[in-house]
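These notes concern the structure reproduced below.
Numbering (the UniProt record's numbering), first residue to last: 1 to 293.
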């Protein structure tokens, strides 16, 4: 990989890219996409009207759930990240604009597909950094705890999905069948594979610089998620390999994978899962208006 980057003259770019700050531009994109997905969840709009506090807590879990879960696993206070006032205030402002902006203008702007694709790409930049940072943090605490490094990096990359059932309880919903361990979405799987790669690099078992790995993995994640979002796809680039591997090792039947983090319940297979959720919530509101009449 290093030779390829050298030939393409990208070594310096990879180094500069790995040191680029995430705040505020990339973090804002991360918060917008995360809270946008929260608004797609059934009942979230109703909760925001009935209990703004519960809605805000759910939004904070969507934005900072990975940090909270990783801190718990490493023996730190789950409230540690809330000391960063600028991040909390920024995420809170995004939450307010998405749920309460007059005429829903902010939501309509960020949900506009071309804008959304840019935000999704920026979010994946943050995800990769979080995985790398999680592995690095765990390496300092447990120098030879390779499994711990993988787990912490994995949690940093997909923490909100792993605690989604707890977040559902805050919204008054209980859907244990959506457990992310049972039905791993593409971002969750990619976070796991990324955590393994960064652990190998951190342990010097992979002859690649961290900056090069960050650049390559970011390009893979951003490109894949943008294509999946543009096509409203549930698929995963890992599905074919995983199906054959599981069939070979565990006797599982061959078949395609599941996917995305924010998919509708089984049985409803629309071409656009995000659109269907908006339609469902809009339909529910219209039915309430008709009953009132």
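Just so you know, even glycine gets a beta-carbon here, dropped at the ideal spot from N, CA and C. Note that the structure is a prediction, hence the values are computed from the model and not measured.
Option nearest residue 27 by Cα separation, candidates 229, 156 and 87: 87
Selection from 67, 185 and 31 that minimises the alpha carbon distance to residue 56: 31
Meets three-Cβ-pair contact criterion under 8 Å: the region 38-48 and the region 70-79: no
Beta-carbon proximity list for residue 97, same chain, < 7 Å, skipping 5 on both sides: 106
Under the three-state DSSP convention, the category residue 336 falls into: It is not possible to answer for residue 336, since the shown part of the chain is limited to 1 through 293.
Nearest-angstrom Cα separation, counted from residue 103 out to residue 137: 43 Å
Local Cβ density within 10 Å of residue 271, reported as buried at 16 or more and exposed below that: Caution applies to residue 271, whose pLDDT of 38 falls short of 50 and renders its modelled position unreliable; the value that the coordinates give is listed next. By the 10 Å Cβ count, residue 271 comes out exposed.
The region 61-68 touching the region 160-169, judged by at least three CB pairs closer than 8 Å: yes
Exposure label - residue 172; buried when at least 16 CB within 10 Å: exposed
Expected contact under 8 Å - CB spacing of residue 194 and residue 131 to nearest Å: 5 Å
Three-way DSSP call (helix, strand, coil) for residue 150 in this model: helix
Outcome for residue 231 when other beta-carbon atoms lying within 10 angstroms are tallied against a minimum of 16: exposed
Reduced DSSP category for residue 251 - H, G, I as helix; E, B as strand; rest coil: coil
Segment contact, 8 Å Cβ cut-off, at least three pairs: the region 9-29 with the region 210-223: yes
Check: residue 55 C-beta below 7 Å from any heavy atom of the ligand ZN: In the structure on display, the ligand ZN does not appear, and there are no ligands present to speak of.
Inter-residue CB distance, residue 225 and residue 120 (contact presumed, cutoff 8 Å): 5 Å
Anticipated Cβ contact below 8 Å, residue 29 with residue 122, distance rounded: 3 Å
Rounded C-alpha distance that separates residue 69 from residue 159: 6 Å
Cβ neighbours of residue 237 in the same chain (closer than 7 Å, five flanking residues each side left out): 224
Member of 33, 128, 140 and 201 whose CA lies at the smallest distance from the CA of residue 118: 33
Element boundaries [alpha helix (DSSP H), containing residue 203]: Careful: residue 203 lies outside any alpha helix (DSSP H) and carries neither H nor E.
Residue 229 vs residue 156 beta-carbon contact at 8 Å: no
CA nearest to the CA of residue 110, picked from 94, 124 and 125: 94
8 Å Cβ cutoff met for residue 161 and residue 199: no
For residue 217, the first and last residue of its enclosing alpha helix (DSSP H): 210-231
Nonlocal neighbours in the same chain, by C-beta distance under 6 Å from residue 184, ignoring five residues either side: none
Where residue 165 falls: helix, strand or coil (DSSP): helix
For residue 181, three-class secondary structure by DSSP: coil
Neighbour-count burial assignment, residue 147, 16 or more Cβ in a 10 Å radius: exposed
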